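Numbering (this note's numbering), first residue to last: 6 to 129.
All residues carry an ideal CB built from backbone N, CA and C; glycine is no exception.
Note that the coordinates shown come from a computational prediction; the quantities given were computed from them, not determined experimentally.
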Ligand SMILES: [Ca+2]
Ligand SMILES: [Ca+2]
């Protein structure tokens, strides 16, 4: 056994010091800034299967997120619980999926639209 007690003696003060340093920072360093997600961010977060569109379940998540973010239209939807009605209203092309455009959640750039998805061309 070559592990000496001096190694332990060296580490021990560090182990003690770390929790103190963390708790000292806790009170004044960590400031929770509420950030309101953009529609595009909510859309991406709600699109659980990352298909680029929202199905019925994903749309419910999206509606709740937008309501939380202060979107008055979705507040009405969430408080009424009429997700089906809102879904139908948003689904302009009636394909039972809400695209980012239909949700009004298009990102500023559209450069990532055609990623590795060449087998399903959009019917116009
Ligand atoms: Ca999806
Ligand atoms: Ca659609």
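Counted as a single uninterrupted DSSP element, the alpha helix (DSSP H) harbouring residue 66 occupies residues 61-73. Listed in chain order, the non-local C-beta contacts of residue 64 below 6 Å within the same chain comprise 92, 103, local neighbours out to five positions each way being set aside. Annotation: the continuous alpha helix (DSSP H) that includes residue 106 extends over 105-108. Around the CB of residue 36, fewer than 16 other CB atoms lie within 10 Å, so the residue is classed as exposed. When DSSP states are grouped into helix, strand and coil, residue 38 belongs to the coil group. Here the distance from the Cβ of residue 104 to the nearest heavy atom of ligand 2 is below 6 Å. Sequence-distant partners of residue 80 (beyond 5 residues in either direction) whose C-beta falls short of 8 Å from its own C-beta, in its chain, are 72. Around the CB of residue 47, 16 or more other CB atoms lie within 10 Å, so the residue is classed as buried. At a threshold of 6 Å, residue 62 does not count as near ligand 2, since its beta carbon sits no closer than that to any of the ligand's heavy atoms. Relative to ligand 2, the nearest heavy atom lies less than 6 Å away from the CB of residue 100. The beta carbon of residue 75 sits closer than 8 Å to those of 41, all from its chain and outside the five residues before and after it, given in chain order. By the neighbour-count criterion, in which a residue is buried when 16 or more other Cβ atoms sit within 10 angstroms of its Cβ, residue 107 is buried.
For residue 99, there is no enclosing alpha helix (DSSP H), as DSSP marks it with neither H nor E.
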